[in-house]
Amino acid sequence: MIPYGRQDITEADLAAVRDVLTSDFITQGPAIAGFEADLAAYCGVKHAVAMSSATSALHVAYMALGLGQGDLLWTSPNTFVATSNAALYCGADVDFIDIDPDSYNICLDTLEARLAAAEKAGRLPKIVTPVHFAGQCCDMERLGALKAKYGFALVEDASHAVGGDYRDGKIGNCAHSDITIFSFHPVKIITTAEGGMAMTNDDELAAVMAMLRTHGITREPERMRGEGDGPWYYQQTLLGYNYRITDLQAALGRSQLTRLDAYIDARHERRAVYDRALADLPLKLPAQADYQRSGLHLYPVLVTDDAPVDRKTAFTRLRALGIGVNVLYIPVYLQPWYRDLGFGPGHCPNAEDYYSRMITIPMYATLSAEDQQTVIDRLHEVFDG
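All residue numbers for the sequence shown refer to this note's numbering, where the first residue is 199 and numbers rise by one.
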């Protein structure tokens, strides 16, 4: 089976992890700070705070921004459930803004209209979390202007997008947002096995997120209440969690980061092959906005009305032919937990139409020319009728 995504572990990665295993620290050591510094420098952002997952990074980001009971967060329905679940962990309410039918990101026209209506109703969101789906960046400049006008905080869920570009900067530089979140799950662009990172230019947000990932504990005298008892002393001043990443994971991520640009280039080479080879099939191929260069985490195709098979039949046949296609994502609000909150079909028609047609095909940096040609041949076999 040719998978839709796959990690790439090299001898350099193994050596980096072995070095940590034979060092004094396998967790809470210097490899974590090194990984944070390297990724912050790569993105051109002031702070990076590494955590155990992108989910924990989202949760801590929302907490640091003060999201709580009675507050409201808006996001895209075309994402993994973690984006909105992390807001529910804070006791907040969530809602979903429909997607653009071409980029599959949050529709900014719909968002702007909803914000104007929400201002009149006196119920604006405290946080808006756009999702850079498949690695393609949302139009952050326009989102930043809406943030300035309506006063919400902006958290980029860039779990799919590390290594991508927006205009003349790297995704993750937080030029228009408060915080950006990356994921390092094995199917993502670089991996730490499990892990995530929160990027910010705000000194206070960075300090609070660093505390919240470690039980709310600080050893910094200026953040303590009263005098300390000695050099061993620490205080818990916030209710945090154990969301720490290990030095083993950080060493792996730091090694992978040295190949990030090469991975992105390789993904774009494979995208160009797909674009040419699939152009005549009854599939809608992914569009790319000219203001960004996608991280290309995914290559999603939509089955069109004139295809000889529907999406379910195509999915089943492709899997039987050894092509590990996947479907990402079911609109979050259609999950049973969210239906119990009052959501139901029809809430975001574009997202539901997208879900009914979508298949993601194999896309990763080490996808061989032979395997990619097999994917193409099998797609032609299924969709040429």
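From the three backbone atoms N, C-alpha and C, an ideal C-beta is built for every residue, glycine too.
Kindly indicate the opening and closing residues of the beta strand (DSSP E) around residue i.
i      : result
Leu270 : 270-273
Met395 : 394-398
Thr558 : 556-559
Ala351 : 351-355
Val326 : 325-327
Ala246 : 245-249
Please look up how many angstroms separate the CB atoms of residue i and residue j, rounded, as I've assumed it's under 8 Å.
i      : j      : result
Pro275 : Val471 : That pair is no contact at about 31 Å.
Leu455 : Asp236 : 6 Å
Pro543 : Leu532 : 7 Å
Ala408 : Val247 : 5 Å
Leu256 : Ala238 : About 18 Å separates the two Cβ atoms, so there is no contact after all.
Thr389 : Gln226 : 21 Å between Cβ atoms; not a contact.
Asp355 : Ile379 : 5 Å
Leu446 : Leu286 : With 8 Å as the limit, Leu446 and Leu286 do not qualify as a contact, their Cβ atoms being about 31 Å apart.
Tyr441 : Ser250 : 5 Å
Met561 : Tyr497 : 4 Å
Val258 : Ala396 : 7 Å
Gly362 : Ser492 : 5 Å
Gly232 : Arg452 : 6 Å
Lys318 : Ser357 : Actually they are not in contact, since the Cβ atoms of Lys318 and Ser357 sit about 33 Å apart, beyond 8 Å.
Val215 : Leu450 : 6 Å
Tyr489 : Arg365 : 6 Å
In terms of residue numbering, what span does the alpha helix (DSSP H) encompassing residue i cover?
i      : result
Thr389 : Thr389 -> no alpha helix (DSSP H), and no H or E assigned at all.
Thr284 : According to the sequence displayed, residue 284 carries Ala and not Thr. Where Ala284 is concerned, the enclosing alpha helix (DSSP H) stretches over 280-287.
Glu209 : 209-219
Val573 : 567-581
Thr378 : Unbroken run through Thr378 is the beta strand (DSSP E), 377-381; no alpha helix (DSSP H).
Val292 : Element bounds for Val292: not the alpha helix (DSSP H) but the beta strand (DSSP E), 291-294.
Thr412 : Note, Thr412: premise wrong, no alpha helix (DSSP H); not H, not E.
Ala455 : The sequence given here has Leu at residue 455, not Ala. Where Leu455 is concerned, the enclosing alpha helix (DSSP H) stretches over 445-455.
Leu265 : Looking at the DSSP string, Leu265 is not in any alpha helix (DSSP H), and its letter there is neither H nor E.
Arg204 : Segment: none, Arg204 is in no alpha helix (DSSP H) and carries neither H nor E.
Glu310 : 306-319
Pro228 : 228-241
Glu418 : Note, Glu418: premise wrong, no alpha helix (DSSP H); not H, not E.
Taking the straight line between their C-alpha atoms, what separation do you get for residue i and residue j?
i      : j      : result
Gly370 : Val580 : 39 Å
Arg465 : His495 : 8 Å
Thr444 : His578 : 45 Å
Glu154 : Arg411 : With the chain covering 199 to 583 only, the question about residue 154 has no answer from this structure.
Asp569 : Asp551 : 30 Å
Cys305 : His330 : 12 Å
Ala404 : Ala391 : 23 Å
Pro201 : Val360 : 21 Å
Glu425 : Tyr431 : 10 Å
Phe223 : Ala213 : 16 Å
Gly522 : Ala280 : 23 Å
Leu519 : Ala477 : 21 Å
Gln486 : Thr558 : 16 Å
Arg261 : Thr514 : Before going further, note that residue 261 is Met rather than Arg in the sequence given. Their backbone Cα atoms lie some 42 Å apart in a straight line.
Gln434 : Ile415 : 4 Å
Arg474 : Met556 : 19 Å
Ala586 : Phe350 : Given a span of 199 to 583 for the chain in the structure shown, any question on residue 586 remains unanswerable.
Ala316 : Ala332 : 29 Å
Asp217 : Pro429 : 29 Å
Ile574 : Leu436 : 53 Å
Val353 : Asp582 : 42 Å
Leu309 : Asp463 : 32 Å
Cys505 : Arg469 : Sequence check: residue 505 is Ala here, not Cys. So the two alpha carbons sit approximately 22 Å from each other.
His245 : Tyr348 : 26 Å
Is residue i close to the ligand FMN? I mean its beta-carbon at under 7 Å from any heavy atom of the ligand.
i      : result
Cys288 : As for the ligand FMN, it is missing from this structure, which has no ligand bound.
If you measure from the beta carbon of residue i to each beta carbon in chain B, is any gap under 8 Å?
i      : result
Ile304 : Protein chain content of the structure displayed is limited to a single chain, and chain B is not contained in it.
Q. What are the complete beta strand (DSSP E) segments, minimum 3 residues, inside the segment 474-503?
A. 497-501
Q) Contact between the segment 366-381 and the segment 333-341: three or more CB pairs below 8 Å? A) yes
Q | Cβ contact (3+ pairs, closer than 8 Å) linking the segment 262-274 and the segment 313-330 | A | yes
Q. Per the contact definition of three or more C-beta pairs closer than 8 Å, is the segment 282-302 in contact with the segment 547-564?
A. yes
Q: Quick one: which unbroken alpha helix (DSSP H) runs of 4-plus residues sit fully inside the segment 509-555? Chain order, please.
A: 509-518, 534-537, 547-555
Q. Below 8 Å, can you find three or more Cβ-Cβ pairs linking the segment 495-509 to the segment 474-487?
A. yes
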